Structure formats: C-alpha cells, structure tokens
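Data block below; observations after.
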Amino acid sequence: MKELKHLNKYFLQYKYKLLLGLVITIIARVFSLVMPPYVRKTFNVIKESFDNDVPSSEFMGTLIQYIAIIIGSSILSALFTFLMRQTIINVSRYIEFDLKNEIFQQYEKLSLNFYKKNRTGDLMNRISEDVGKVRMYAGPAIMYSIQTLTLFVCIIPLMLYSSPILTLYTIIPLPFLSVMIYYISKAIHKRTTVVQEFLSELSTFSQETFSGVSVIKAYGIENRINDKIEELAQEGTNKSMNLTKIQAWFFPLMLFLIGISTIVVIYVGGMLYIEGKIESVGVIAEFIIYVQMLTWPVATVGWVSSIVQQAAASQKRINEFLHEIPSVQNHKTSPTTVKGTITFSNVSLTYEDTNIKALDNVSFEVKKGETLAIIGKTGSGKSTILDLIGRMYDTSEGTIFIDNTPIKEVNLTDLRKAIGAVPQDAFLFSDSIKNNIKFGNCNATDEEVIEAAKRASVHKNINKFSKKYDTVLGERGITLSGGQKQRISIARALIKNAQIYLFDDCLSAVDTETEEKILSNLLEIANETTTIIVSHRISSAKNADKIMVLDNGKIVQQGTHNQLIKTEGYYKELYVNQLHEKESH
C-alpha cells in the first residue's frame, strides 16, 4: 500500500469532488433501502385484505401508495447511483489524466542514459496498462468500498430489527463468499501480472519489428519473424487462457452463493413463519431483497482487495520511473541569454552504460559567429561533442563554458532553445512536411517554412509531391529518401533562427552538388551564428573557420583547411583520397 501513497496528492486535489461523491453514494444507498420494508408492507396488506376482507377501495389505495413509494425510491436510488458514478468515476479519469501527464513529463526530463537502459514497449506499457490498473483503485475501488460500508451500516440494523434469527442465517454464507472471491481475485492478480509483463515484451517486439521492417525485408527473414510472432502469440494465448479460466469462476460462484443465501432465507424464513416467530411472509420477501443487495457488496470486498493489489503492483512499476533522478539537472531557474561562444576546457566523458571513454581531455573554443568543422573516424567522439553542448550528457571531467559561463549554470531550457540541432539519424514525425519543419518554430508562417526549405535545398522536391507541404509522412519519415529526410531536418533547424547550430553528419545522404548548395546557404547565416559541423567529407569542412580532427576521443589536429592539407596526418590523407574519388567519377 505504501506505493499508492503517491496518489494522495491527487485525492487532495479532487477532495471536494470525492466528498460530493461520498454524500451522493450515501443518499443513493439510503433511497435503495426504502424499498425492502415497503415490499414487506405490500405483502402484509395483501394478506390482510384476504384475511379480514378489507374493502377493495381502501386496499387498492394503500397498495398503490406502497407501490408508488417503491417505484419512486427505486428511481431516486438509480438517479443518485448514476450521479455517484459520474462523480467518483470521473475523478478517477481526472487522476488517470494527471498521472499520465506526470509520467510523460518525467519521461521528457529523463536523460539519454535512461532510454539506453529501458525498452520502448515497457515505457509504453507503464503509461497505459499500469495507469489503467491504478485508475481502477482511484475510482471503482473507492466507490464500491463506500457503497459496501454504507449498506452494511444501514442494512444490518434493519435486518436485526425485522428478525434477528433470520438475519443470522442470512449473513452466514456471505463471509464464505467474500473469502472465496478474495482468493480467486488474488489468483487473478498473479495471472494478470504475468499477462501484463508479457504485453510489455510483445509491445517491444512489435514496435521493433514495425520500425525495422525494411531490414527484415532486405534480409528476407519474414518467415523467421512470423515464426517468432506465432510463438509469442501462442505464449500470450496460454497466459491469457490461464487468466480467463480463473476469471470464469468469479460470477458463477457469486451467483451460486446468492442462490444458496436465497434458499436459506426461504427455508429458514418459512420455518420461522410456520412457528410464528416472524410476523408475516412479507419479512421473507424483504430479506430476499436484502440478500440481493448485500451479495454484490460482499463480493466486492474480495474484488476491491484484488484491485488494490493490482494497483499497488502497477504503481510500484510507475514509481520506479517517477523516482528516477535525471542525470542532467537544470540548476538555473532564472532566464539565461545565450549568445553562442562555446569553450571546452579539459573535457572528458566516459559513458556509464558501456564504460567507454568517448572524449579524453578535449579543449577548444568556438566564438560567436565562427564555424567549426569536426572530422574523424567512426567512434572518435565527434557526435559526443555535440551531445555535450546540448547537455544530453554531463562531462565526467573538465568544464564546458557557454559565453564564459559554466554550462551547468546556464538555464537548460534556454540553452536548448538557442540550439538548432540536426542529428545524424534524421528523425521525422508521422505528420505533414510543413508541421515537421514548423517543429523547430511552431509560430512560423508558411512563407518562413518555404524559405527554410529553400535554404535546405528541399523545396523543389516537396513541390513534386501531390499535396506538397501538406503531404503526410509515414512513421519516422519512411516515405522519403535518406537525403530528403536529412534536408527536411536541416530546414527544421534553420527555421528556428538559433544562436548555435549543430550539424551531425547530416549531409551524408545528399549528392555533392546539393551539399554545396546547402553549405553555401549556411554560410549566409554563419556570420551571425555559431556553427559546428560534424562530417566525413572534406567538402563539408573546408570552408569552416576552424577544423578539428579527432581520434579515439583526442584532438590530433587543428587548423584551417589550407593549413591542414599541408600537414601530414589524417586530414591530408582524407583530402587526397576524396580528391582522387572525385576525379575518378
């Protein structure tokens, strides 16, 4: 239960709605309790009319009055029951909404290391399936608990008043029902947990399969994937059937025990009536109604217990992520103005998950308005530098300065707002091309979108689509070529009008002619912004103010293009090789 304490803040937030729901629940149950005594009175009036030959007009008047009270109280009880559900169940939906938002906001805060350690399917399952289990605790569990308590407090005294002996016989089966439902619910809980964990595994496998469908087709392993999904489906069927088999006992058992209680009331009540220990047959009818009214609340004791157990298990899973402390914290809450000067001072970084030292004692400076190109072999630490500038990670050693201020003392939100980043793996959303570009600036006009697309040399390609900028892309932009995805990603960054631009090998999928156009357009804004370009191509780096060559996380060469091609080393070798390749074509 301690895991569910996390929900107390939401209960306090909606305390007035919950209190209103409590009052309405009590009123609904009180109106429902009007009916049984008047059913008894109706039986008594009918019996009295036959025994004493009461005039039909007097008899009918009393009978209609009682029937009207029964119908009226039933209608009012139904009305207040509806309002009860609208109030309490709605609160549970509000809590579900708030909890999902809290989890999502936490997901946004968590650092990249977290996402390296956890699977997408599991993340999705916790924000959907687990939150759904918690909602059952915040709604139905509370509602039925209040309902059960109110009924017991009101019904038992009424039953004792009518017939203490019959009351005793009536309630004898009920504890057995509650205990049996509890154990069935406990078994349901265990098997539900197994099914939920399996759903996380299935969601992860499905998500990876759909995302990697091009690889599956390229390797021709559709049959192997089909066999795997069939195996998972069979496993899921077995686990779901195990759950269904135990669930199948729930309502039949409840109906069986209701029937037993009803038979007990009829038999014992009949014997008591014959012995003259109860006043009339109407008491038996009244008690049958009480049995019907008590059975479901008693059954809910076990069911609610199961809901609480499931909610506690789900909330525990949710809390694991909610209590996760992001490794990158925003230490400055006041606004920060970012101009664009970047300084690395003896910076080193070792990745926690792999223990690989990506950067080793790196120092350099890029002033506002300058362009830095970073060249190096795969795994040399180029992308890591860009990640550190955006504070996707914090340094293991050394300090990064933004405008001579340690990066940890810069407001993290303002820092990232000042950066226009184009990642190596261009990620586009399943939305229109226009909205994908406007992702960098949601307030941009259509003219600004087109201008950004022109600077990224993708405007002509977009106009060839039937719906042009309103063309909706497939997931991750799968309907576009690699070069088109990269250029739309560049347009998305350019429309931001950022102070710092980070381009991570984002021209690798475009031809040389298009690359030169894009770089020429970038030079037009380079005088006003700080630009860092990571590339494997000399053509992307040669016009930069500074060029830096990395190898195994260390800076091995620095200088301008003209300086480096005259110096023996990696840059000159790469220049010569790419020059020969260009000439051969």
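Position 36, counted from 1, in the sequence shown is what numbering that gives the first Met the number 0 calls 35; the numbers after and before it change by one each time, with no gaps. For every residue, glycine included, the Cβ atom is placed at its ideal position computed from N, Cα and C. Note that the coordinates shown come from a computational prediction; the quantities given were computed from them, not determined experimentally.
Inset, instruction - Let me know the secondary structure DSSP gives Phe-343 once reduced to three states. - result: strand
Legend entry - Which listed residue (Phe-438, Asn-542 and Phe-363) has its alpha carbon closest to that of Asn-403: Phe-363
Inset, instruction - Quick one: grab the DSSP three-state call for Lys-356. - result: strand
Legend entry - Between the CA atoms of Leu-111 and Ser-213 - distance to the nearest angstrom: 26 angstroms
Inset, instruction - Report the three-state DSSP secondary structure of Thr-444 (helix, strand or coil). - result: coil
Legend entry - Limits of the beta strand (DSSP E) - the one that Leu-549 falls within: 545-550
Legend entry - Backbone CA spacing between Leu-506 and Pro-139 [nearest angstrom]: The alpha-carbon atoms of Leu-506 and Pro-139 are separated by roughly 55 angstroms.
Legend entry - Ala-420 - partner residues in DSSP beta bridges: DSSP output for Ala-420 lists Leu-501 as bridge partner(s).
Inset, instruction - Assign Thr-149 to one of two classes, buried (16 or more other C-beta atoms within 10 Å of its C-beta) or exposed (fewer than that). - result: buried
Inset, instruction - Check whether the Cβ atoms of Ser-344 and Leu-358 lie closer than 8 angstroms to each other. - result: no
Legend entry - The beta strand (DSSP E) enclosing Gln-639, as first and last residue numbers: Within the shown structure, residues of the chain are numbered from 0 to 584, placing residue 639 beyond reach of any answer.
Inset, instruction - Helix, strand or coil for Glu-274, going by three-state DSSP, please let me know. - result: coil
Legend entry - Tyr-181 versus Gln-246: straight-line alpha-carbon distance, rounded: Computed Cα separation, rounded: 12 angstroms.
Legend entry - Closest residue to Gln-64 among Met-34, Thr-86 and Ser-91 (Cα-Cα distance): Met-34
Inset, instruction - Express the C-alpha separation of Asn-460 and Arg-486 in angstroms, rounding to a whole number. - result: Cα atoms of Arg-486 and Asn-460: separation of roughly 10 angstroms, rounded to the nearest angstrom.
Legend entry - Complete runs of the alpha helix (DSSP H) confined to the stretch 171-218 [at least 4 residues]: 172-210 and 212-218
Legend entry - C-beta atoms of Lys-16 and Val-90 nearer than 8 angstroms: Remark: C-beta atoms of Lys-16 and Val-90 approach each other more closely than 8 angstroms.
Legend entry - Opening and closing residue of the beta strand (DSSP E) in which Phe-400 lies: 396-401
Legend entry - Reference Tyr-500; option with closest CA among Thr-340, Asn-354, Lys-276 and Ser-429: Thr-340
Legend entry - For Ile-373, the first and last residue of its enclosing beta strand (DSSP E): 370-375
Inset, instruction - Please name the residue in Gln-328, Val-303 and Arg-316 whose C-alpha comes closest to that of Ile-187. - result: Val-303
Legend entry - Distance between beta carbons of Leu-32 and Ile-154, contact taken as under 8 angstroms: 7 angstroms
Legend entry - Other residues of its chain near Gly-281: CB distance less than 8 angstroms, five sequence neighbours each side excluded: Contacts found: Val-38, Arg-39, Lys-40, Thr-41, Phe-42, Asn-43 and Lys-46.
Legend entry - Segment contact flag, the stretch 89-105 with the stretch 163-183, C-beta cutoff 8 angstroms, min 3 pairs: no
Inset, instruction - Within the same chain, show all residues whose beta-carbon is closer than 6 angstroms to that of Ser-431, passing over the 5 residues directly before and after it, in chain order. - result: Asp-469 and Val-471
Legend entry - Beta-carbon proximity of Ala-312 to Ser-539, cut-off 8 angstroms: Inclusion of Ala-312 and Ser-539 in the CB contact set at 8 angstroms is not warranted, their separation being larger than that value.
Inset, instruction - Taking Ser-429 as the reference, give the member of Ile-477, Glu-515 and Asn-496 with the closest Cα. - result: Nearest C-alpha to Ser-429: Ile-477.
Inset, instruction - Under 7 angstroms Cβ to Cβ from Leu-198, same chain only, skipping five residues before and after it: list those, please. - result: Asn-124 and Glu-128
Inset, instruction - Could you spell out where the beta strand (DSSP E) holding Lys-553 opens and where it closes? - result: 553-558
Legend entry - Cross-strand partners of Leu-254 (DSSP beta bridge): DSSP links Leu-254 through a beta bridge to no other residue.
Inset, instruction - Flag Pro-251 as yes when its Cβ comes closer than 7 angstroms to any non-hydrogen atom of the ligand HEM, and as no otherwise. - result: With respect to small molecules bound, the structure shown includes none, and the ligand HEM cannot be examined in it.
Inset, instruction - Mind reading off the beta-carbon distance from Lys-356 to Thr-349? Whole number of angstroms is fine, and I expect it under 8 angstroms. - result: 5 angstroms
Legend entry - Nearest to Pro-334 (by Cα), restricted to the options Arg-415, Ile-171 and Thr-353: Arg-415
Inset, instruction - From the DSSP output, in three-state form, read off Val-337 for me. - result: coil
Inset, instruction - Return the first residue and the last residue of the alpha helix (DSSP H) that Ser-538 is part of. - result: 537-540
Inset, instruction - In angstroms with no decimal places, state the Cα-to-Cα distance between Arg-536 and Asn-7. - result: 57 angstroms
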